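What follows is a single structure, written as structure tokens, with notes after it.
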Amino acid sequence: MTRVYVSAADAVADIPDRASLAVGGFGLCGIPDALIAALADGDATGLDVVSNNCGTDGHGLGLLLEKRRIRRVTASYVGENREFARQYLDGELEVELTPQGTLAERLRAGGAGIPAFFTPAGVGTPVAEGGLPWRYGSDGSVAVASPAKETRDYAGRRYLLEESITTDYALVHAAVGDTAGNLVFNLAARNFNPLAAMAGRVCIAQVETLVEPGVLDPAMVHLPGIFVDRVVCTGRQDKKIEKRTVASRRNHSGRRATNGVHA
Numbered sequence: 000m001t002r003v004y005v006s007a008a009d010a011v012a013d014i015p016d017r018a019s020l021a022v023g024g025f026g027l028c029g030i031p032d033a034l035i036a037a038l039a040d041g042d043a044t045g046l047d048v049v050s051n052n053c054g055t056d057g058h059g060l061g062l063l064l065e066k067r068r069i070r071r072v073t074a075s076y077v078g079e080n081r082e083f084a085r086q087y088l089d090g091e092l093e094v095e096l097t098p099q100g101t102l103a104e105r106l107r108a109g110g111a112g113i114p115a116f117f118t119p120a121g122v123g124t125p126v127a128e129g130g131l132p133w134r135y136g137s138d139g140s141v142a143v144a145s146p147a148k149e150t151r152d153y154a155g156r157r158y159l160l161e162e163s164i165t166t167d168y169a170l171v172h173a174a175v176g177d178t179a180g181n182l183v184f185n186l187a188a189r190n191f192n193p194l195a196a197m198a199g200r201v202c203i204a205q206v207e208t209l210v211e212p213g214v215l216d217p218a219m220v221h222l223p224g225i226f227v228d229r230v231v232c233t234g235r236q237d238k239k240i241e242k243r244t245v246a247s248r249r250n251h252s253g254r255r256a257t258n259g260v261h262a
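Using numbering that gives the first Met the number 0, the final residue of the sequence shown is 262, and nothing's skipped along the way.
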């Protein structure tokens with residue numbers, strides 16, 4: 000049964016040291032920012048985080064990085080986070096970089112009870128052959144390297160074996176949820192959120208709007224409540240923009256203007 004919590008702090012209060020977390024979102028889109036902030040305000044440390052990336056400096060998972068609360072990250076890219084890159088290159092953080100589609104399928108497979116699967120992504124690269132630096136030493140040497148992965152040929156093509164991912168907890172963000180845990184995600188915020196939710200043994204969802212069961216059209220539900228254990232209504236959070244870009248446009252004189260400045 001899904002339990003409704005009155006605050007994000009209450010919802011994450013029992014997450015212990017060295018817990019593993021699957022965290023939804025992509026960049027700053029669809030991230031469970033209130034849950035992450037509440038976790039950063041707590042004491043849990045040595046966390047093992049699985050997420051597409053690790054937020055940005057000062058936002059999202061970047062808050063936990065700044066407080067040195069993350070021990071290991073499994074992600075597809077570093078992104079716009081200088082502190083993430085610094086900790087990794089200085090040997091303070093273990094990082095497993097994996098192809099983005101592979102990461103998504105590892106989470107989905109974990110939630111579906113599939114222990115491993117074969118994929119062509121990474122064949123013929125260090126992803127398959129091993130040797131990718133997971134952790135650097137203080138002198139810049141590779142202290143921990145990725146292992147080689149099993150490969151097989153199917154129908155004349157080579158594939159490598161990837162293991163699925165399950166975690167102790169999942170933190171996700173949804174636009175709308177009901178008290179039974181059924182969730183609806185907004186547009187691109189659907190990204191990694193359903194996959195992370197499936198992979199977590201205990202899924203905690205922050206929702207902008209909380210409704211009673213029966214309000215949501217079943218055909219509109221993106222993630223059924225069977226995957227969700229806790230729900231907290233955090234309202235609409237301030238949306239941060241990872242990288243602002245503005246398209247050029249023509250003014251009335253026909254001259255091109257960018258950001259309101261004639262060019």
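The beta-carbon is built from N, C-alpha and C at its ideal position, and this holds for glycine as well. Since the structure is predicted, the reported quantities are computational estimates derived from the model, not experimental observations.
Check	Outcome
I'd like the span of the beta strand (DSSP E) that includes Arg85, first residue to last.	Run containing Arg85: none in the beta strand (DSSP E); it sits in the alpha helix (DSSP H), 81-88.
Check whether the Cβ atoms of Phe83 and Asn51 sit closer than 8 Å, and answer yes or no.	no
Below 8 Å, can you find three or more Cβ-Cβ pairs linking the segment 201-208 to the segment 220-233?	yes
Below 6 Å CB to CB, which residues in the same chain sit around Leu102 once its five sequence neighbours on both sides are set aside?	Ser75
Consult DSSP for Arg157 and reduce its assignment to one of helix, strand or coil.	strand
Closest to Gly283 by C-alpha separation, out of His172, Thr165, Val141, Pro119, would be which residue?	There is no way to answer for residue 283, as the model of the chain reaches only from 0 to 262.
In angstroms with no decimal places, state the Cα-to-Cα distance between Ala18 and Leu88.	23 Å
Does the segment 151-169 come into contact with the segment 21-41, if we say contact requires no fewer than three beta-carbon pairs (one atom in each stretch) closer than 8 Å?	yes
Thinking Ala108 and Phe116 are a contact (beta carbons under 8 Å), I'd like their distance in whole angstroms, please.	6 Å
In the structure shown, what three-state DSSP assignment does Leu46 receive?	strand
Which runs of the alpha helix (DSSP H) at least 4 residues long sit entirely within the segment 161-219? Give them in chain order.	192-198
Taking DSSP as the reference, what is the three-state secondary structure of Gly259?	Residue placement at Gly259 cannot be trusted, given a pLDDT of 47 that sits under 50; the coordinates are not used to answer.
For Asp13, count neighbouring Cβ atoms within 10 angstroms of its own Cβ and tell me buried if that reaches 16, exposed if not.	exposed
CA-CA distance, Glu149 and Gly59?	35 Å
Return helix, strand or coil for Leu64, following the three-state DSSP convention.	helix
For Ser137, collect the residues of the same chain with a Cβ closer than 7 Å to its Cβ; drop the 5 residues on either side in sequence, then sort them by chain order.	Gly90
List the DSSP bridge partners of His58.	Thr55
Can you tell me where the alpha helix (DSSP H) with Ala37 in it begins and where it stops?	32-40
Quick one: what does DSSP say Ile69 is sitting in, helix, strand or coil?	strand
So, do the segment 65-79 and the segment 185-197 have three or more beta carbon pairs nearer to each other than 8 Å?	no
Classify Leu222 as helix, strand or coil using the three-state DSSP reduction.	strand
What's the C-alpha gap between Pro343 and Ala147?	Nothing about residue 343 can be reported from this structure: the residues present for the chain run from 0 to 262 only.
Do the CB positions of Gly54 and Gly45 come within less than 8 Å of each other?	no
Identify the continuous alpha helix (DSSP H) that holds Arg107 and give its terminal residues.	99-111
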